Amino acid sequence: MNFFGGNWTEAKIEILVEYAFAYLTIMNKYAPKFGWKLLYFDGFAGSGFITKGSEENRKIIIGAAQRILDLEEPRSFDQYYFVEKDSDNAQQLRSLTSGYDKNTYVVNEDCNNKIQSLAKFLNSSDGKNHRVLAYIDPCRMQVKWDSLASLKESNVDVWILVPTGMGVNRLLKNDGKISEAWIKRLEKFLGLTKEDILNHFYKSTQVQTLFGEDEIVMTKEERAIEKSADLYKKRLGELFNYVTRPYILKNSSNSIMFHFFMVSNNKNAVSIADDIIKKYNNQN
462 MNFFGGNWTE AKIEILVEYA FAYLTIMNKY APKFGWKLLY FDGFAGSGFI TKGSEENRKI
522 IIGAAQRILD LEEPRSFDQY YFVEKDSDNA QQLRSLTSGY DKNTYVVNED CNNKIQSLAK
582 FLNSSDGKNH RVLAYIDPCR MQVKWDSLAS LKESNVDVWI LVPTGMGVNR LLKNDGKISE
642 AWIKRLEKFL GLTKEDILNH FYKSTQVQTL FGEDEIVMTK EERAIEKSAD LYKKRLGELF
702 NYVTRPYILK NSSNSIMFHF FMVSNNKNAV SIADDIIKKY NNQN
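Here the sequence shown is numbered in the working numbering, starting from 462 and rising by one per residue.
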C-alpha cells in the first residue's frame with residue numbers, strides 16, 4: 462500500500478479519471494472506425510490503494526489503477542500496462558488486477574525503461590494501430606528527460622506530475638553551490654546542461670571581497686518553483702505539439718509541491734484537458 466499525499470492526491474486522480482472518461486467517449490466512435498487498439502499505461506502504478514493522513518486520522522483511497530480499471534462505459538481500454546518498481550506494491554497490484562476480466566499486465570521494473578519500451582513499440586509495425594493514454598505520476602525526480610523524449614511524435618496523451626517544489630526547488634541551493642550529485646540529477650531530469658540550469662535559475666554578480674579581490678556571487682532567482690514549471694512546460698513543448706496549463710498541487714501550508722501537465726500531439730485532446738484542469742484549479 463502506498464503512503465502519500467494530501468487532498469491533491471485525490472484531485473489529480475479525479476482529473477485523470479475525468480479525462481479518461483472523455484477520452485474513451487471519443488475513442489468509442491473513432492477506434493472501431495480506424496481499427497485502433499486503446500492502451501492505458503501507468504508508470505508508477507503503486508499497489509492500487511493509497512493511504513493518506515496521520516496514524517490517528519488515516520484514510521484509504523482507491524488509486525488511479527483501480528479507478529481506470531473500473532471504467533466500463535462507454536467502453537474500456539483494450540490493454541492495461543502497469544509499471545511498479547516496488548516489488549511488494551507490484552504483487553498487491555497483481556492480486557487486485559486478477560479480479561478483473563481484462564487484459565492487464567503488471568511489471569516490476571523501472572518506469573524509465575518501460576517508457577522507452579513503449580516508445581519503441583509505438584514506432585513498430587505492431588504498435589502503429591495503438592493509441593495510448595499514459596499516466597506518469599512520480600513522487601520525486603525519478604523520470605529522466607531522455608525517457609520522455611523517446612515518446613516524441615508518438616500517438617500518446619501523457620499526464621505527467623512534475624515535482625517542481627518537492628524536487629527541483631529543493632536541489633537548487635540559494636547560493637548556487639550545488640553538489641555534483643545533485644547537478645547530475647537535475648541534468649537527467651531536465652535534459653539540460655549544468656551551465657543551462659545555473660543560467661536559468663541564478664543571477665551572477667561580481668563583488669569585491671574584503672581584500673579587494675573580485676568574486677562572483679550567485680543568487681537564486683525569486684519564484685524558482687514557478688520558473689521550473691515554466692521551464693518544464695517549455696521543454697515539453699519541444700517534444701509534443703500541445704501542452705496544457707498545469708494543475709497546481711499545494712500542501713496544507715499553501716506551498717507549491719507539484720505541477721500536473723498533459724501533453725499530446727492532438728489539439729482537441731489538450732483543449733479537453735485544459736477545461737478539466739481549469740475547473741480543478743478554480744477549486745484550490
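For glycine and all other residues, C-beta sits at the position ideal for the given N, C-alpha and C. Note that the coordinates shown come from a computational prediction; the quantities given were computed from them, not determined experimentally.
With DSSP collapsed to three states, give me the class of residue i.
| i | result |
| --- | --- |
| residue 477 | helix |
| residue 604 | coil |
| residue 462 | Only weak support exists for where residue 462 lies, its pLDDT of 44 falling under 50; the coordinates are left without a value. |
| residue 731 | helix |
| residue 498 | strand |
| residue 716 | coil |
| residue 541 | strand |
| residue 592 | strand |
| residue 625 | helix |
| residue 739 | helix |
| residue 470 | helix |
| residue 710 | strand |
| residue 529 | helix |
| residue 618 | strand |
| residue 486 | helix |
| residue 657 | helix |
| residue 725 | strand |
| residue 691 | helix |
| residue 701 | coil |
With a threshold of 16 other CB atoms inside 10 Å of the CB of residue i, please say whether the residue is buried or exposed.
| i | result |
| --- | --- |
| residue 533 | exposed |
| residue 521 | exposed |
| residue 473 | buried |
| residue 611 | buried |
| residue 707 | buried |
| residue 613 | exposed |
| residue 484 | buried |
| residue 464 | Here residue 464 scores only 43 on pLDDT, less than 50, and its place in the model should not be relied on; the value that follows carries that caveat. Exposed. |
| residue 624 | buried |
| residue 508 | buried |
| residue 608 | buried |
Excluding the 5 residues preceding and the 5 following residue i in the sequence, name in chain order all residues of the same chain whose CB lies nearer than 7 Å to its CB.
| i | result |
| --- | --- |
| residue 481 | 529, 532 and 594 |
| residue 537 | 563 |
| residue 682 | 662, 663, 664 and 688 |
| residue 582 | 588 |
| residue 643 | 632 |
| residue 735 | 705 and 706 |
Please tell me whether residue i and residue j are closer than 9 Å, where the distance is taken between their beta carbons.
| i | j | result |
| --- | --- | --- |
| residue 626 | residue 696 | no |
| residue 663 | residue 637 | yes |
| residue 596 | residue 619 | yes |
| residue 705 | residue 678 | no |
| residue 478 | residue 503 | no |
| residue 469 | residue 592 | no |
| residue 717 | residue 742 | no |
| residue 526 | residue 554 | yes |
| residue 573 | residue 604 | yes |
| residue 711 | residue 745 | yes |
Can you list, in chain order, the residues of its chain with a C-beta nearer than 6 Å to that of residue i? Leave out the 5 residues immediately preceding and following it.
| i | result |
| --- | --- |
| residue 488 | 499 |
| residue 702 | 726 |
| residue 501 | 529, 538, 541 and 594 |
| residue 598 | 505 and 622 |
Excluding the five sequence neighbours on either side, which residues of its own chain have a C-beta within less than 8 Å of the C-beta of residue i, listed in chain order?
| i | result |
| --- | --- |
| residue 584 | 615 |
| residue 548 | 569 |
| residue 739 | 706 |
| residue 491 | 497 |
Report whether the distance from the Cβ of residue i to the nearest heavy atom of the ligand NAD is below 8 Å.
| i | result |
| --- | --- |
| residue 588 | As presented, the structure is devoid of all ligands, the ligand NAD included, so that no description of it is given. |
If you scan the segment 545-589 from start to end, which runs of the beta strand (DSSP E) of 3 or more residues do you find wholly inside it? 565-568
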